[in-house]
Every structure is written in structure tokens, then in C-alpha cells.
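Residues in the sequence shown are numbered consecutively from 35, following our numbering. Read through the structure below, which is laid out as C-alpha cells, and then see the notes.
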Amino acid sequence: MSKDTYTSVSEDGLRYESKLGGSPFLGSGHTRSCFKCGKHRPPTSLQSKRILGRTEVVCKPGCATGK
């Protein structure tokens, strides 16, 4: 996830870009990403599933990719 950025022009005309502070992850920071959709979710809303011979975590009710 990319953070919002803002730019400011210095007196010599150069433009500097910097990121806003803070974390894009809310809460306690204990999240994992779904193997299928890539969204970060708390571990309680993920389930283990065997995919391509490996055990991966995916969204528990199913991925809502928002097509």
C-alpha cells in the first residue's frame, strides 16, 4: 500500500516529495495477507488451505475482490 505524498517547492525552485507519517495498517498490527487477493486481514478471518502443494492462508468466507 502506498501512502499519500505531498510536495513542496523550495525557494530555489526545486520540488521535494515526502511521505506523510503513520502506518496504513490500523489496529494492533497483527495482520497477514491473503494468498489469493493479497488483502491484509487479522488471522482470525483467514483459513489455511492447500494450494499448489503448499499450505497458504486465504480469506475465510471467500475473497471479495470487488470486480
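Beta carbons: idealized from backbone N, C-alpha and C, even for Gly.
In three-state terms, what does DSSP make of residue i?
i, result
"T78", "helix"
"S67", "strand"
"K73", "coil"
Roughly how far, in whole angstroms, is the beta-carbon of residue i from the beta-carbon of residue j, given that I think they are within contact range, below 8 Å?
i, j, result
"S82", "K73", "Their Cβ separation, rounded to whole angstroms, is 17 Å, which puts S82 and K73 out of contact at 8 Å."
Rounded to a whole number of angstroms, what is the C-alpha to C-alpha distance between residue i and residue j?
i, j, result
"V92", "L80", "5 Å"
"V43", "F69", "41 Å"
"R88", "A98", "22 Å"
"R75", "D46", "45 Å"
"G96", "T65", "17 Å"
Just reading off the beta strand (DSSP E) that residue i is part of, what are its end residues?
i, result
"T89", "88 to 93"
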